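Residue numbers (this note's numbering): 6 to 387.
Here the structure is laid out as structure tokens; the discussion comes afterwards.
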Amino acid sequence: MSILSNINTMPDKGLSSNVPFNFDQLVSSLPDMICVVDIQWKVLSFNQAALHFIDDQHQIRLQKGLNLLEFRDNDLVKYWKPVFDKVYLQKRKVYYTDRKRYGLKEFYLQVHASPILNDKSEVVSIGFIVQDVTRLKKIEKQLQMQNEELQKVNEELDRFVYSASHDLRAPLTSLLGLLNLTKVTQDETEKQQCLSMMENSIQKMDKFIKDIISHSKNIRLEPLPEKIDFQEIVQEILLHNSFLPKNKPELHKIVNVLQDKSFFSDIMRVKTILNNLITNAINYSDLQKQDPFIQINISVASDKAVVEISDNGIGIGEEHLEKIFDMFYRANQESNGSGLGLYMVKETVKKLGGKISVVSSAGKGSVFTVVLPNLFQEPLND
């Protein structure tokens with residue numbers, strides 16, 4: 006029986022009669038899998054693609070007259086039978102895409118099942134056409150991921166334009182007001198106060214611009230692995246932050262660095278991560294508590310470094326936890342920061358192939374955990 010019944014396979018009058026036309030040969034050479042079975046599940050016809058795929062993936066060697074119900078426990082029959090029954094009972098085409106896994110390989114199969122009718126409109130056989138659309142699905146997934154990334158970039162750009170205009174203009178507006186006040190006041194003490202506030206506005210704007218530049222570099226530049234000395238970096242950051250208003254003697258700084266393995270990563274990015282997390286722990290400490298502290302625990306293995314920065318400060322409310330890594334999000338409205346700090350930390354950790362998590366409770370404190378991969382793993386006996 007021909008694969009498609011009642012098809013006139015004579016050549017078209019417009020074609021040269023010197024060119025023979027064999028429809029079955031054409032179908033047999035198609036890359037799509039084609040198989041026709043009668044209503045008793047006997048194989049009537051199939052092409053080479055169906056022969057090879059069903060043999061490779063289902064261990065059934067197709068041949069004309071073979072009754073597939075003999076293999077009712079086979080995945081192929083289990084897979085096709087609901088489709089067969091639907092087409093047979095409803096006398097209509099069925100079309101769907103399904104994901105199948107054969108061993109270690111995953112396939113996306115587009116299945117067309119059509120009834121073949123006789124002169125009395127009775128179903129006498131059913132034709133299956135199966136297309137392997139795995140490559141198309143992978144491209145579709147890739148495009149979807151790219152679209153999601155573009156959407157994310159657009160949303161961040163919108164937030165950036167809105168927040169940047171506010172965070173850049175606010176210090177400038179403050180400066181203009183203070184300048185005008187300095188011009189008219191004769192009080193030397195008041196002038197000094199104005200100058201001090203002007204300096205604070207300039208520092209705030211400078212910090213914001215530096216954050217933007219740092220974020221831009223993180224996006225554009227690939228990591229440059231260097232040997233990392235965590236103890237040295239932590240001490241450098243603590244020294245640099247010694248001027249912070251809340252960095253008082255009563256705030257205990259506990260540092261535990263366990264590093265007997267060589268660890269390689271991008272040193273500027275590691276400093277960005279640690280500096281932001283340590284600075285936040287200091288800024289949001291609660292000096293009213295009996296023993297305020299920040300604790301920095303770092304352990305280095307041959308394949309990764311685990312950084313844990315904990316404190317018993319003001320903590321973060323549960324309603325804010327999911328958003329603290331968003332661009333320009335401020336969990337504390339009294340914050341003088343740019344709102345870029347934790348966003349930059351998350352993006353920098355991601356750039357280095359790591360992970361970050363946080364556990365926090367309002368009034369009790371926070372624990373930030375960062376896991377960074379070793380970008381250049383040396384022998385274990387190092």
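Backbone N, C-alpha and C define an ideal beta-carbon position, used for all residues, glycine too.
In this text, all values refer to a predicted model and were calculated from it rather than measured experimentally.
Beta-bridge pairing of residue i - partner residues as DSSP gives them
i      : result
Ile131 : Val42 and Pro120
Asn261 : Asn302
Tyr113 : Arg104
Lys47  : Asn72
Val158 : Answer is none; Val158 lacks a bridge partner.
Val99  : Ala118
Phe269 : Lys232
Asp216 : In DSSP, Asp216 forms no bridge with anything.
Pro36  : For Pro36, which the question treats as bridged, DSSP gives no partner whatsoever.
Val311 : Ser304 and Val376
Asp136 : For the sequence presented, residue 136 should be read as Gln rather than Asp. Gln115.
Inter-residue Cα distance where the pair is residue i and residue j
i      : j      : result
Gln62  : Ser33  : 19 Å
Met210 : Leu177 : 8 Å
Phe381 : Phe268 : 7 Å
Ile144 : His245 : 48 Å
Glu313 : Ile217 : 26 Å
Ile214 : Met349 : 13 Å
Leu282 : Leu184 : 35 Å
Glu327 : Glu204 : 34 Å
Lys86  : Gln53  : 22 Å
Asp308 : Asn261 : 19 Å
Asn302 : Pro378 : 16 Å
Leu347 : Ala336 : 11 Å
Leu256 : Met332 : 29 Å
Phe51  : Ile39  : 5 Å
Asn11  : Ser119 : Caution is warranted here: a pLDDT of 40 is assigned to Asn11, below 50, making its placement in the model unreliable, and the coordinate value is therefore given only provisionally. Roughly 15 Å between the two C-alpha positions.
Arg97  : Leu155 : 41 Å
Met202 : Lys251 : 19 Å
Glu195 : Ile287 : 31 Å
Phe330 : Leu186 : 38 Å
Gly322 : Ser365 : 7 Å
Pro384 : Val305 : At Pro384, the pLDDT of 45 sits below 50, so the modelled position is not reliable; the number obtained from the coordinates is stated separately. Each residue's alpha carbon lies about 14 Å from the other.
Presumed contact (8 Å Cβ cut-off) between residue i and residue j, rounded CB distance
i      : j      : result
Thr353 : Thr284 : Incorrect: roughly 14 Å between the Cβ atoms, too far for contact.
Tyr101 : Ile131 : That pair is no contact at about 15 Å.
Ile242 : Leu279 : 6 Å
Gly359 : Val375 : 6 Å
Ser219 : Ser179 : Rounded, the Cβ-Cβ distance is 24 Å, inconsistent with contact.
Ser290 : Gly318 : 4 Å
Reduced DSSP category for residue i - H, G, I as helix; E, B as strand; rest coil
i      : result
Asp316 : strand
Ala55  : helix
Ala336 : coil
Asp331 : coil
Asp60  : helix
Lys125 : coil
Met15  : Annotation note: pLDDT 38 at Met15 (below 50); position unreliable, coordinate value reported separately. Reduced to three states, the DSSP call for Met15 is coil.
Asp80  : helix
Phe381 : coil
Asn205 : helix
Asn386 : Bear in mind that the predicted position of Asn386 carries a pLDDT of just 46, short of 50, making it unreliable; the figure below should be weighed with that in mind. Coil at Asn386, not helix or strand.
Glu255 : coil
Arg225 : helix
Asp163 : helix
Glu288 : It is worth fixing the name first, because residue 288 is Asn in this sequence and not Glu. Here Asn288 sits in helix by DSSP.
Pro87  : helix
Arg66  : coil
Lys5   : Only positions 6 to 387 of the chain appear in the structure, and residue 5 is not among them; the question remains open.
Asn246 : coil
Leu148 : helix
Leu279 : helix
Asp211 : helix
Proximity test, Cβ basis, 7 Å: residue i and chain D
i      : result
Lys125 : Of the protein chains in the structure, only one exists, and it is not chain D.
Report the start-end ranges of each beta strand (DSSP E) in the segment 341–376 that is 3 residues or longer and not cut off at the edges. 360–366, all fully within the segment 341–376.
Continuous alpha helix (DSSP H) assignments of at least 4 residues falling wholly in the segment 177–201: For the alpha helix (DSSP H) assignment, the segment 177–201 encloses no uninterrupted run of at least 4 residues.
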